[in-house]
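Participant:
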Amino acid sequence: MKLVTPQTTPINGQSIRIEGISKTFSSHGGTMLAVDDVALSVRPGEFLAIVGPSGCGKSTLLQIIAGLIPPTSGRVFLGDKDVTAQPAHMVYLFQQYSKSLLPWMNVEENVMFSFTHREQLSKSAARDRCHEYLQMVGLTAFHSYFPWQLSGGMQQRVAIARALAAEPHALLLDEPFSSVDALTRLDLHALMLDLWTQKRFTAVLVTHDVDEAVFLADRVAVLSHRPGRIVDIVDAGMPRPRLPVTTHQDPRFIAVRNQLLARLLTKPDAADVPAV
Ligand SMILES: Nc1ncnc2c1ncn2[C@@H]1O[C@H](COP(=O)(O)OP(=O)(O)OP(=O)(O)O)[C@@H](O)[C@H]1O
Ligand SMILES: [Mg+2]
323 MKLVTPQTTP INGQSIRIEG ISKTFSSHGG TMLAVDDVAL SVRPGEFLAI VGPSGCGKST
383 LLQIIAGLIP PTSGRVFLGD KDVTAQPAHM VYLFQQYSKS LLPWMNVEEN VMFSFTHREQ
443 LSKSAARDRC HEYLQMVGLT AFHSYFPWQL SGGMQQRVAI ARALAAEPHA LLLDEPFSSV
503 DALTRLDLHA LMLDLWTQKR FTAVLVTHDV DEAVFLADRV AVLSHRPGRI VDIVDAGMPR
563 PRLPVTTHQD PRFIAVRNQL LARLLTKPDA ADVPAV
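Residue numbers for the sequence shown, in our numbering: 323 to 598.
#1: Considering only heavy atoms of ligand 2, does any lie closer than 8 Å to the CB of E534?
#2: Can you have a look at P469 and say buried or exposed, based on whether 16 or more other CB atoms are within 10 angstroms of its CB?
#3: Along the alpha helix (DSSP H) that carries R484, what are the first and last residues, could you check?
#4: Hey, how far is the Cα of R564 from the Cα of H511?
#5: Which residues count as close to ligand 1 when the rule is a CB under 5 Å from any of its heavy atoms, in chain order?
#6: Does any heavy atom of ligand 2 sit closer than 8 Å to the C-beta of V528?
#7: Check for me: the alpha helix (DSSP H) holding L515 runs from which residue to which?
#8: Where does H491 land, buried or exposed, given buried means 16+ other C-beta within 10 angstroms?
#9: Suppose you measure from the CA of A584 to the CA of T346; what does that come to, to the nearest Å?
#10: Are the CB atoms of L384 and Y414 within a distance shorter than 9 Å?
#11: Helix, strand or coil: how does DSSP classify S546 here?
#12: Figure out for me which residue from L362, S349, I338, R451 has the closest Cα to the Cα of G550.
#13: So L538 packs on L527, CB below 8 Å; how close in whole Å?
#14: When every heavy atom of ligand 2 is checked, does at least one fall within less than 8 Å of the C-beta of Q531?
#15: In terms of residue numbering, what span does the beta strand (DSSP E) encompassing I343 cover?
#16: Would DSSP call D572 helix, strand or coil?
#17: Does the beta-carbon of D509, which I'm using as the reference point, lie nearer than 8 Å to any heavy atom of ligand 2?
#18: So what does R397 bridge to, in DSSP terms?
#19: Within this structure, are the beta carbons of V360 and I343 separated by less than 9 Å?
#20: Report the three-state DSSP secondary structure of F369 (helix, strand or coil).
#21: Is E441 near ligand 2 - that is, is its Cβ less than 8 Å away from at least one heavy atom of it?
#22: Between P573 and S444, what straight-line distance do the alpha-carbon atoms span, to the nearest angstrom?
#23: Using only the alpha-carbon positions, how far apart do F437 and T588 sit?
#24: Rounding to the nearest angstrom, what Cα-Cα distance links N432 and Y467 in this structure?
#25: Does the distance between the C-beta of E430 and the nearest non-hydrogen atom of ligand 2 fall short of 8 Å?
#26: Is the beta carbon of T569 closer than 9 Å to that of E368?
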C-alpha cells in the first residue's frame with residue numbers, strides 16, 4: 323500500500339498509570355478472579371503491548387483501562403485524570419471491524435461519527451479532518467463506499483482512521499489485526515507504526531501474537547494464566563524504522579521473541595494459582 327503523508331499535527335498522547343487493578347466477576351452463582359493486582363505505567367506517546375494466554379484477562383484489563391467496565395479494586399489514571407471516576411478521551415479498537423463499523427454509514431460518515439458528536443466543527447473542518455485520516459490510511463478514493471463494499475483489511479483501515487480521527491489521548495487496541503490474513507496484517511502493522519510515528523498517541527495493544535508485539539511495541543508486558551498478573555515487562559526496543567522483512571530477521575528481534583515465548587509457555591505452578 324502506498325501511503326501519502328500529509329502535513330499533520332501530532333496528537334501527543336498522555337501517560338497511563340494502572341494501580342493495583344483487580345477484577346472479580348460474579349456469574350453462575352460463583353465468583354471468578356480474572357485480573358489480579360496489576361500495576362503498570364505507560365509513558366506519554368509510548369507503544370506498550372500486553373501478551374498473555376487466552377482467557378488470562380487481557381480484554382478485561384483493557385476495558386478497565388478504557389473505563390468501559392469498573393475494576394473491583396484499584397485505579398487507572400490518564401495523565402492526572404482518574405479514569406475510574408470520570409470518563410477520559412481514549413478510543414478502543416476492537417478485533418472485529420465488521421461489528422464496529424456502522425453498516426448504514428459510508429466510510430466518510432463512519433470516520434466523522436467519531437468526533438462530530440463531541441466537537442463543534444464546521445462541516446468543512448469536519449470533512450478536512452476526516453480526509454486527513456482517510457488519506458493516512460490510503461482510503462481517500464473509497465470515502466463514499468459502505469463497509470460491506472470493502473475488503474476486511476480495508477474495513478479495519480477505516481476503523482483505524484475512525485479511531486484516530488477522534489484524536490484520543492490514548493488508543494487501546496484489542497487484537498485488531500487478528501481477523502485479517504497474514505499479508506494484510508503486515509500491511510496494517512506498517513500502517514499503525516507510520517500513524518504512531520506521525521501522531522505520537524499513547525498505544526496499548528493486547529495480542530496473542532508475540533511477533534506482532536515485538537514488532538510494534540517499545541515494551542511488552544506479559545500476563546500470567548488467569549488470574550492475569552504481570553509476570554514480566556520486556557524492553558523490545560527494536561531500532562526504527564521497523565521493516566517487515568529486516569526487523570523480523572534481526573537477531574535482537576529473535577532473542578526478545580524467544581524470551582517472551584519461553585515466558586508464555588511456562589505452565590503455571592498449581593501452588594501459585596489462587597483459589598477462586
Ligand atoms: N462479563 C463477564 N462476566 C463473567 N466473566 C467474565 C466476563 N468477562 C470476562 N469474563 C471472564 O474473565 C476471564 C478473562 O476474560 P478476558 O476476555 O479478559 O480474557 P482474554 O485474555 O482477553 O482472552 P482472549 O485472549 O481469549 O481474548 C475469562 O475467564 C472470562 O470468562
Ligand atoms: Mg480478549
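No residue lacks a Cβ here, since even glycine has one placed at the ideal position from N, Cα and C. Small disclaimer: the values here were computed from a predicted structure and weren't measured.
Facilitator: Put simply:
#1: no
#2: buried
#3: 474-487
#4: 10 Å
#5: F347, S349, A356, S376, G377, C378, G379, K380, S381, T382
#6: yes
#7: 504-521
#8: buried
#9: 28 Å
#10: yes
#11: coil
#12: L362
#13: 6 Å
#14: The displayed chain sequence assigns Asp, not Gln, to residue 531. Every heavy atom of ligand 2 is 8 Å or more from the Cβ of D531, so no.
#15: 338-349
#16: coil
#17: no
#18: E341
#19: yes
#20: strand
#21: no
#22: 51 Å
#23: 44 Å
#24: 10 Å
#25: no
#26: no
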